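For my numbering, count along the sequence shown from 1 and bump the result up by 20. No residue lacks a Cβ here, since even glycine has one placed at the ideal position from N, Cα and C. It should be emphasised that the depicted structure is a prediction, and the values quoted were computed from it without experimental measurement. Step one of this worksheet: look at the structure below.
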Amino acid sequence: MSNKKEFFITTGLSFLLFFLLAPFGGFYKIGDYTFGHGDLLIIASISYSLFTYWRLSLSPNKTRTVIAILFPLVIFLIPIHLINFDASFVSLPSGIFHFIGVGGGALSYFSQGKLRVIVLNTLMVAIGFYMYFSGYEKLLHWNSFGTLSGEVEIQAPVFKFEDADGHAYSNADFKNKTLVVDFWTTSCGVCFTKFPKLEKLYSKLKDRKDIVIVAVNIPLKGDTNEKAIEMIRKRGYSFEILFAEQKATNEGFEFNAYPTSFIIKDGKMITYKGEIENIPPLLGI
């Protein structure tokens, strides 16, 4: 087989593998489980490692083979992140693990001795599973909220929330209390997928005098307080709803993504900033 023909075959197979793996980033579903980029990074690294090793074992021109394998990855993955890094950050780890898989397969092929091959592949798999079980979520949390764990110590801004009747609440109203705030908007689909977790937390703690849990709506253009309340109540949620002005709240609490949850101690200190799922253990639940 000519070098040119072999190059095109390897490139074509790499294209095919890339497109077969891509749906694992969020389109494949088994039962109630939907695959995501945390799954894709493991699957892609192992698949490309095996694919690279296989193609190198058949090719007389090793450098050309590696280039052929990398070509589809370079033209599809790199431009996406260069054009809009922030929007594509969610897929960055899985993209990197495509390249790690190629590197792992090449290193395994060229390494002398079985022990080195075993060590290299064990290391790659270990990193992949760390990312799957912990690292990937921490990276996303950092990208969205500026912190890996969510636990912080930040002076709380001066804030003012209002209920539907116009009664105002400020920092002083939460003295000697732990305030859990979940900021949301009526157009935020993710907010509504998180509300069952907020409702569960509220149901467990609503009788506690030292803990206050509220969902603070940031009104959008054309929104009314009545509309926001109706959207919550018709879904069967009972947690408290307050309202806040967008610009002052975003600038004071320094966030732009919805939903974002905070724990505020004594009306003075923010001790958590991030996703609602991480809050129960911090409240001893």
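- For E260, the enclosing beta strand (DSSP E) starts and ends at E260 to F263.
- DSSP places K285 in the strand class (E or B) of the three-state scheme.
- The straight-line gap separating the alpha-carbon atoms of K288 and A192 is approximately 9 Å.
- Contact annotation: the region 146 to 160 does not touch the region 195 to 213, with fewer than three C-beta pairs closer than 8 Å.
- Looking at the backbone, the Cα of G186 and that of L225 are separated by about 25 Å.
- Residue nearest to L218 within the set T85, K25, F39 and I233 is I233 (criterion: CA-CA distance).
- Buried is the label assigned to Y152, since at least 16 other Cβ atoms lie within 10 Å of its Cβ.
- When DSSP states are grouped into helix, strand and coil, I305 belongs to the coil group.
- If you check the CB distance, I231 and L303 come in under 8 Å.
- Secondary structure note for I98: it is in no beta strand (DSSP E), and the uninterrupted alpha helix (DSSP H) holding it is K82 to I103.
- Using a C-beta cut-off of 8 Å, the region 159 to 173 makes contact with the region 290 to 298, since at least three inter-stretch Cβ pairs fall below that distance.
- Taking a cut-off of 8 Å for Cβ pairs, the region 130 to 140 and the region 25 to 38 do not touch, as fewer than three such pairs fall below it.
- Straight-line spacing of the CA atoms in F38 and I305 works out to 43 Å.
- Less than 8 Å divides the Cβ of S281 from the Cβ of I299.
- For K229, no alpha helix (DSSP H) run applies, since DSSP gives it neither H nor E.
- Distance from the CA of Y257 to the CA of I249, rounded to the nearest whole angstrom, comes to 10 Å.
- In this structure, DSSP gives Y53 an extended state, which the three-state scheme calls strand.
- T198: member of the beta strand (DSSP E) spanning T198 to W204, first to last residue.
- When DSSP reads this structure, G294 sits in a beta bridge with S281.
- Boundaries of the alpha helix (DSSP H) harbouring A126: L112 to F130, taken from the DSSP string.
- Counting every other CB atom within 10 Å of its CB across the protein chains shown gives N237 a total of 16 or more, marking it as buried.
- Taking 8 Å as the cut-off, the beta carbon of S67 is found closer than this to the beta carbon of L41.
- Between F71 and G125 a beta carbon distance of about 7 Å is seen, short of the 8 Å cut, so the two are scored as contacting.
- In this structure the region 50 to 65 lies against the region 109 to 122, because at least three pairs of beta carbons, one per stretch, are closer than 8 Å.
- Taking a contact as a CB-CB distance under 8 Å, the pair A64 and G121 counts as one, their CB atoms being some 6 Å apart.
- By the Cβ-count criterion, Y53 is exposed, with fewer than 16 other Cβ atoms from all chains shown falling within 10 Å of its own Cβ.
- Of the other Cβ atoms in all chains shown, fewer than 16 fall within 10 Å of the Cβ of R255; this residue is therefore exposed.
- Take S69, set aside five residues on each side of it, and the residues of its chain with a beta-carbon closer than 6 Å to its own are G121, G124 and G125, in chain order.
- The Cβ neighbour count for L221, taken over all protein chains shown within 10 Å, is at least 16; the residue is labelled buried.
- Close CB contacts of L93 within its chain, under the 7 Å cut and outside five residues either way in sequence, are with F38, H118 and F119 (chain order).
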